[in-house]
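K.L.:
Below you'll find the structure I mean.
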Amino acid sequence: MIYILRQIIVPMNRLIVVLILIYQISVAQEFVNPLMNNSQIPQSTSRSVFESNTPIDLPFYDDFSDYLVYPKSSHWLDNDVFVNRNYPINPLNIGVATFDGLDSVGRPRNLASETVHGPSDYLTSRPIDLSTSSEVYLSFYLQSTGIGNEPEPNDIFMLECLDTALVWKTVWDTTGYSLSDFEKINITLNDNAFLHDSFKFRFHNEATLSGNFDHWHLDNVLLTDDLSLSNDIEDLAFVYETSQMLNFYTSIPWTHFDQNRAAYMASTMDTWVRNNYSTTQSVDYSYDIYTQDKDLIFHYPSTGASRNDEIPAFQIDNFSYSDDSPAAITVGVSAFPSTNTSLKYNSFTVVQSLATDDNDLFKTNDTLKYVQHFDNYYALDDGSAEASYGINVEGGMAAMLFNISEYDTLKAVQIHFEENYEDSDGLAFSITFWNSEMGIPSDIIYQSQIFYPQYIDIKNGFYEYVLESPVSLSGSVFIGWEQYYDEILNVGLDKNTINNDRMFYNLGAGWNQSNCADCDGTWMIRPVFGSLTTSSTDNVLTTSFSLFPNPASTSVSIEFEEPHTLSIFTLSGKQVLKKFSDGRHNIDLQPFTRGIYILEIQSDYKKHRKKLVVQ
352 MIYILRQIIV PMNRLIVVLI LIYQISVAQE FVNPLMNNSQ IPQSTSRSVF ESNTPIDLPF
412 YDDFSDYLVY PKSSHWLDND VFVNRNYPIN PLNIGVATFD GLDSVGRPRN LASETVHGPS
472 DYLTSRPIDL STSSEVYLSF YLQSTGIGNE PEPNDIFMLE CLDTALVWKT VWDTTGYSLS
532 DFEKINITLN DNAFLHDSFK FRFHNEATLS GNFDHWHLDN VLLTDDLSLS NDIEDLAFVY
592 ETSQMLNFYT SIPWTHFDQN RAAYMASTMD TWVRNNYSTT QSVDYSYDIY TQDKDLIFHY
652 PSTGASRNDE IPAFQIDNFS YSDDSPAAIT VGVSAFPSTN TSLKYNSFTV VQSLATDDND
712 LFKTNDTLKY VQHFDNYYAL DDGSAEASYG INVEGGMAAM LFNISEYDTL KAVQIHFEEN
772 YEDSDGLAFS ITFWNSEMGI PSDIIYQSQI FYPQYIDIKN GFYEYVLESP VSLSGSVFIG
832 WEQYYDEILN VGLDKNTINN DRMFYNLGAG WNQSNCADCD GTWMIRPVFG SLTTSSTDNV
892 LTTSFSLFPN PASTSVSIEF EEPHTLSIFT LSGKQVLKKF SDGRHNIDLQ PFTRGIYILE
952 IQSDYKKHRK KLVVQ
């Protein structure tokens, strides 16, 4: 017989960000789309499946806190699910296993149609010897959607167990529903058909297989023969990864930071802890900072080994050291000291710790580690996209505010684009910089040649667009794009970091703050200073060409020093002119209708493009 008990344990998060698919309609507006792929899993990182017939012992437990991307092979036999820290809302602890419509390398399982539906991810336990047990208790926590995509009524999440005949039997399932809190599912197994020496259990979902859809988030899986242990998971844990020690930015150039620490260093930081006990717990907290050489250079608190706080049981909200405790966690300008004045880059490892009871079942979630990078770029995003963003107006513009306190030369802009069903490879855009006036974009400082979206198969890959002319600047500047088609570009949207007060769009009638129902987040755009991060020079020629006048009405002159092929395209991609030249020449514009064209010069297998406006 199988007994099933459902109980809701975890209340709603302090901030709920729901990703809803926005269908394009015939009006000009902002759009947020779900993802087709999972760019946090590059195809090159696939892990081989670990097969073992050696049974493991009870209790079996996993809270997915100590592995990322793939489940740990000490517990699980397959690698379909995505182990992550950025998709759940208000988890019991840090880390979940996410079920979706993607394969093990983060690509759609079936692109036959956008609606194709069927079996998707499996998470199968290693064999467990239950031959000496009379009754065991299996429990887990489940959340629908999170900040991902909502499962629909035809989507299924199920638990199956392997019987003595080696047949998988469904013992529990549910169909899709809207965003939920984490729900605890308790299952009692006392049927002899399951109490054998090669018992396995597995979780499985059925989903839309054409993209990163229909999300279920699994946490705190426990199989035990101890009823008291199964009644509840008594645990103290970190719940979110990001503990930002900088003001606004997740990364800035080291030379900028080192010269302006007061401007960039936060005075306090927040971190979130969850008490999953039924009573208030006394918790000791501390953090340490290490150099690249693993030398300890900073300890908090300065007055002792740790600070102590009383954390209430089952907080309606996660416990915040800034909001709930008498004193926030201090940081200070000395947290990241300069050890070498000649450094252009630097990084530090920050380790946060909770001193918990030795009997705590899940010890790995008591430690939170992240690396604070100081590279050659400014970043407001956390590096992971949970959705994609765009606007649908020819000539539309989008701009994000950066505060550059150190005068420097901007050489490139990194952008993370997400692939989608509607091909955006050929959608022309120009990287554009604007002055800031009263906190909104004003005059254009610079506009690049024409670029096209590029996709990089590395984890959270950014393509580096090299500017044909480096720009020296400082102060408040908006960085973004002007597009030349009425189709969205699908720029990556980080849903865990909210910077909408810095994000503006212009559809032709003036600038507005990004504010659609699902737009909360940060566009994944990063300005690069000093040395270039990559060798992405295929998008720029060593010698530029001149184009004048522009805009033009009757004729235009083009001058380029090398032999080249010149082409002119409409925004729809139709070629209207092609000719070879070895220098300067004039183009008669009388046959051209008014509008925007793309002028392209190709020389030595490299292309350079500019916008041509015919009045």
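Reminder that position 92 of the sequence shown reads as 443 in this note's numbering, one-by-one numbering, no gaps. Where a beta carbon is used, it is the ideal one built from N, C-alpha and C, also for glycine.
#1: If you reduce the DSSP assignment to three classes, tell me which class residue 579 lands in.
#2: Inspect the beta-carbon positions of residue 569 and residue 420 and report whether they are closer than 8 Å.
#3: Is residue 359 helix, strand or coil when you go by DSSP?
#4: Mapping the DSSP letters down to three states, classify residue 765 as helix, strand or coil.
#5: For residue 776, which residues in the same chain have their Cβ closer than 7 Å to its Cβ, ignoring the five residues on either side in sequence?
#6: Can you look up residue 468 in the DSSP assignment and give me helix, strand or coil?
#7: Work out the CA separation of residue 918 and residue 959 for me, nearest whole Å.
#8: When the distance is taken between beta carbons, is residue 731 closer than 8 Å to residue 600?
#9: Alpha carbon to alpha carbon, how far is residue 377 from residue 941?
#10: Between the beta-carbon of residue 727 and the beta-carbon of residue 880, is there less than 8 Å?
#11: Using 8 Å as the threshold, is the C-beta distance between residue 498 and residue 433 below it?
#12: Between residue 961 and the rest of its own chain, which residues show a CB-CB distance below 6 Å, the 5 nearest in sequence each way excluded?
#13: Leaving out five residues before and five after residue 588 in sequence, what residues of the same chain have Cβ atoms less than 8 Å from its Cβ?
#14: In angstroms with no decimal places, state the Cα-to-Cα distance between residue 783 and residue 795.
#15: State the Cα-Cα distance for the pair residue 916 and residue 943, rounded to the nearest angstrom.
#16: Is there contact between the region 463-476 and the region 528-540, where contact requires at least three CB pairs shorter than 8 Å?
#17: Where does the unbroken alpha helix (DSSP H) through residue 613 begin, and where does it stop?
#18: Taking all protein chains shown into account, do 16 or more other C-beta atoms lie within 10 angstroms of the C-beta of residue 661, making it buried, or fewer, making it exposed?
#19: Between the region 502-513 and the region 526-534, do at least 3 Cβ pairs fall closer than 8 Å?
#20: Kindly give me the distance between the Cβ atoms of residue 430 and residue 422, rounded to whole angstroms, as I take these residues to be in contact under 8 Å.
#21: Going straight from the alpha carbon of residue 870 to that of residue 855, what length do you get?
#22: Using a Cβ-Cβ cutoff of less than 6 Å, which residues in the same chain neighbour residue 849 once the five nearest sequence positions on both sides are dropped?
#23: For residue 826, which residues in the same chain have their Cβ closer than 7 Å to its Cβ, ignoring the five residues on either side in sequence?
#24: With H, G and I counted as helix, E and B as strand and the rest as coil, what does DSSP make of residue 608?
#25: Assuming residue 567 and residue 495 make a contact with CB atoms under 8 Å, what is their CB distance in whole Å?
#26: Just the C-alpha distance for residue 523 and residue 557, rounded to the nearest angstrom, thanks.
#27: To test your reading of the DSSP string, which unbroken beta strand (DSSP E) runs of 3 or more residues are found completely within the region 525-588?
#28: Give me the DSSP bridge partner(s) of residue 867.
#29: Considering just the uninterrupted stretch of the beta strand (DSSP E) at residue 659, what are its terminal residues?
#30: Counting only runs that start and end within the region 619-650, where is the beta strand (DSSP E) found for 3 or more residues in a row?
#31: Report yes if the C-beta distance between residue 468 and residue 515 is below 8 Å; otherwise report no.
#32: Could you compute how far the alpha carbon of residue 379 sits from the alpha carbon of residue 753?
#33: Can you tell me which of 859, 405 and 390 puts its alpha carbon nearest to the alpha carbon of residue 477?
#34: When the Cα atoms are used, what is the spatial distance from residue 438 to residue 736?
#35: My output table needs one value for residue 851: the three-state DSSP class, helix, strand or coil.
#36: Of all the alpha helix (DSSP H) runs that stay within the bounds of the region 687-734, which reach a length of 4 or more residues?
P.N.:
Straight from the coordinates:
#1: helix
#2: no
#3: Here the model assigns residue 359 a pLDDT of 41, short of 50, so the residue's position is not dependable, and the following value carries that caveat. Correct three-state label for residue 359: strand.
#4: strand
#5: 803 and 804
#6: strand
#7: 11 Å
#8: yes
#9: Only weak support exists for where residue 377 lies, its pLDDT of 45 falling under 50; the coordinates are left without a value.
#10: yes
#11: no
#12: 800, 898 and 950
#13: 414, 416, 443, 444, 445, 624, 625, 627, 705, 713, 716 and 717
#14: 7 Å
#15: 19 Å
#16: no
#17: 612-615
#18: exposed
#19: yes
#20: 7 Å
#21: 11 Å
#22: 871
#23: 755
#24: helix
#25: 6 Å
#26: 14 Å
#27: 534-540, 552-559 and 567-575
#28: Paired residue(s): none; residue 867 is not in a bridge.
#29: 658-662
#30: 623-626 and 632-641
#31: no
#32: 26 Å
#33: 405
#34: 10 Å
#35: helix
#36: none
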